Amino acid sequence: MDYSLYPRNDVLCIDMRSFYASVEAIKLGLDPMEDLLAVVGDPSRSGSIVLAASPALKKKYGISNVSRFFELPDDPNIHIVPAHMADYLQVSMEITKLINQYAPKEAIHQYSVDEVWVTVNGLEKLFGNRFEVAQKIKEDILYHFGMTASIGIGDNKFLAKVVMDLHAKKIGIAECRYEDVKEKLWPFPIEKIWGIGSRMKRNLNRMGIVTLGQIANYDVKQLKKRFGIMGEQIYFHAWGIDLSPVYGNFTKTEQKGFGHGIALLRDYTKDEVEVCILDLCEEACRRARRANKVGKTIHLGIAYSKHTGDGFSRSKSIELPTNVTMDVYRVCVQLFHEFYDGYSKIRHVYVTLTNLFDKGETQLELFEDRAKRTDIGYVMDTIRDKYGSTAILRASSYTEAGVTIDRSKKIGGHYA
Numbered sequence: 001m002d003y004s005l006y007p008r009n010d011v012l013c014i015d016m017r018s019f020y021a022s023v024e025a026i027k028l029g030l031d032p033m034e035d036l037l038a039v040v041g042d043p044s045r046s047g048s049i050v051l052a053a054s055p056a057l058k059k060k061y062g063i064s065n066v067s068r069f070f071e072l073p074d075d076p077n078i079h080i081v082p083a084h085m086a087d088y089l090q091v092s093m094e095i096t097k098l099i100n101q102y103a104p105k106e107a108i109h110q111y112s113v114d115e116v117w118v119t120v121n122g123l124e125k126l127f128g129n130r131f132e133v134a135q136k137i138k139e140d141i142l143y144h145f146g147m148t149a150s151i152g153i154g155d156n157k158f159l160a161k162v163v164m165d166l167h168a169k170k171i172g173i174a175e176c177r178y179e180d181v182k183e184k185l186w187p188f189p190i191e192k193i194w195g196i197g198s199r200m201k202r203n204l205n206r207m208g209i210v211t212l213g214q215i216a217n218y219d220v221k222q223l224k225k226r227f228g229i230m231g232e233q234i235y236f237h238a239w240g241i242d243l244s245p246v247y248g249n250f251t252k253t254e255q256k257g258f259g260h261g262i263a264l265l266r267d268y269t270k271d272e273v274e275v276c277i278l279d280l281c282e283e284a285c286r287r288a289r290r291a292n293k294v295g296k297t298i299h300l301g302i303a304y305s306k307h308t309g310d311g312f313s314r315s316k317s318i319e320l321p322t323n324v325t326m327d328v329y330r331v332c333v334q335l336f337h338e339f340y341d342g343y344s345k346i347r348h349v350y351v352t353l354t355n356l357f358d359k360g361e362t363q364l365e366l367f368e369d370r371a372k373r374t375d376i377g378y379v380m381d382t383i384r385d386k387y388g389s390t391a392i393l394r395a396s397s398y399t400e401a402g403v404t405i406d407r408s409k410k411i412g413g414h415y416a
């Protein structure tokens, strides 16, 4: 591979070690790295997920972010705390402000609440080379926030991210140039590589591909034929090549659709799920109205309880684009009755409105007051914007199957 054809940048990928657990440990005056602590989504439910475990808890008991509350060992030294999403978002913003002291905003790409890319090209005279910049940022985060960061350094975003995952989480700071790819990345199994999910792993394994190096030495034409553009992408990633922009506005500007989904706290029956669907339609349409958009394609996704099957995902396009809740709801109910197997318990539901258009003149219908139904939605939105998201709700939202009231207390699906 001729790397002279590809750009080289100084990119850092900064990850906060066990971020949620570290924030909670510091709030309690504990050592984030040494004390045993688990952040649980909802400690009142034994099946609630462990959102974060401190490094010491992971090492001693093998607890991970997919463990459940009931799987935590009966150890009095383990501190169990509920999630506080508002706190995590606030600390995340403060850390980003600190990084902004080293690089301009257009060089910072917030990937998640606990992970960020930052491009540090041209900072040698101010802070030293890219490794020295990483050291300074790591020390600053520890000094100001008491938290440990892992930092990957690469010639592009992919290299910085992967070397952080594979090496920096063990040693603190790790670097990977194009020339280091064969030594530092190729020996690793493909499931360890960022961007390769479980389905892609299974497909590649069937082709005899187990390591990243084997992808790099596979025929790119065959990969593209088998996986399309994704096959070509994983081939170039295997060589450490990534052309993702490292400067600019990384905030999504063009909205492709308005969706809302939920993982239910218990199994829902056929009758109950229609209430949940209505609540989700209301929120998706509210977001569309706020953006002054209407959509023609309505998508319903249903996932069954893990003991009863996979579920289904179907969509339907309508003649006139809409953002009216009941229009979308009627289509979703129609899709549900058409594709639901009739007996499985339901655990996940999502509704999406896509194929968007700007809201223009409302097309009149001879036997239906479409404009009035549209105006009702905007009036309800105005009341909610002024008095809160639960100021006015449909009666069904107050039933046991409703989800809106509980969701209003959460950020990112977890209590604030």
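Heads up: the sequence shown runs through residues 1 to 416, numbered per UniProt numbering.
For every residue, glycine included, the Cβ atom is placed at its ideal position computed from N, Cα and C.
Here the structure is a predicted model, which means the values were calculated and not measured.
Asked, Found
"So, V246 versus W194, is the Cβ gap smaller than 9 Å?", "no"
"Given a cut-off of 9 Å on the beta-carbon distance, is the pair V328 and V351 in contact?", "yes"
"Please determine if the region 21-37 and the region 125-139 are in contact, where contact requires at least 3 C-beta pairs separated by less than 8 Å.", "no"
"Which whole-angstrom value describes the C-beta separation of I318 and I298, a residue pair presumed to lie in contact below a C-beta threshold of 8 Å?", "7 Å"
"Excluding the five sequence neighbours on either side, which residues of its own chain have a C-beta within less than 6 Å of the C-beta of G295, listed in chain order?", "P321, L353, T354, N355, L356"
"Let me know if F367 comes out buried or exposed under the rule of 16 or more other beta-carbons within 10 Å of its beta-carbon.", "Low local confidence applies: a pLDDT of 48 at F367 is under 50, so the model's placement there is unreliable, with the coordinate-based value given in what follows. F367 should be labelled exposed."
"Fully enclosed by the region 2-67, which alpha helix (DSSP H) runs are 4 residues long or longer?", "19-27, 55-61"
"Kindly examine the ligand SAH and report whether one of its heavy atoms sits closer than 8 Å to the Cβ of D341.", "The ligand SAH is not part of this structure, which contains no ligands at all."
"How do the region 86-94 and the region 111-120 stand: do at least 3 beta-carbon pairs fall below 8 Å, yes or no?", "yes"
"For the beta strand (DSSP E) containing S150, name the first residue and the last one.", "149-154"
"Just grab the DSSP bridge partners of K293 for me.", "D358"
"In or out: M93 buried (at least 16 other Cβ within 10 Å) or exposed?", "exposed"
"Going straight from the alpha carbon of L212 to that of V379, what length do you get?", "55 Å"
"Closer than 6 Å by C-beta to L264: which residues in its own chain qualify, once you throw out the five before and the five after it? Chain order, please.", "R347"
"Mapping DSSP to helix, strand and coil, what is T101?", "The amino acid at residue 101 is misidentified as Thr; the sequence shows Gln. The answer is coil: DSSP assigns Q101 none of H, G, I, E or B."
"K316 by DSSP, collapsed to three states: which one?", "strand"
"Going by alpha carbons, who is nearest to N9 out of D341, I241, G388, Y340?", "I241"
"Can you tell me where the alpha helix (DSSP H) holding residue 417 begins and where it ends?", "The first residue shown for the chain is 1 and the last is 416, placing residue 417 beyond what the model contains."
"Pick out whichever of F236, A83, K201 has its Cα sitting closest to the Cα of A216.", "F236"
"Just mark L57 as buried or exposed, buried being the case when its beta carbon has 16 or more other beta carbons within 10 Å.", "buried"
"With a CB to CB cut of under 8 Å and the five nearest residues on each side skipped, what residues in its chain are close to N65?", "I49, V50, L51, A52, A53"
"Taking all protein chains shown into account, do 16 or more other C-beta atoms lie within 10 angstroms of the C-beta of E282, making it buried, or fewer, making it exposed?", "buried"
"Which residue wins for smallest C-alpha separation from G172, given the options K293, K225, I141?", "I141"
"Whole alpha helix (DSSP H) runs in the region 194-220 with 4 or more residues, listed along the chain?", "198-206, 212-216"
"Note down, in chain order, each residue of its chain lying with its Cβ closer than 7 Å to the Cβ of R286, except the 5 sequence neighbours on either side.", "D381"
"Quick one: measure Cβ to Cβ for V120 and R130, integer angstroms, because I've assumed they're closer than 8 Å.", "6 Å"
"Helix, strand or coil for S112 per DSSP?", "strand"
"Find out if the Cβ-Cβ distance for the pair Y3, E179 is shorter than 9 Å.", "yes"
"Which residues mark the beginning and the end of the alpha helix (DSSP H) in which H337 is found?", "325-339"
"From G259 to I190, what distance separates their C-alpha atoms?", "31 Å"
"At 4 residues or longer, what runs of the alpha helix (DSSP H) sit wholly inside the region 141-190?", "157-163, 181-184"
"Among the residues of its own chain, which have a CB less than 6 Å from the CB of F227, if the five just before and after it don't count?", "none"
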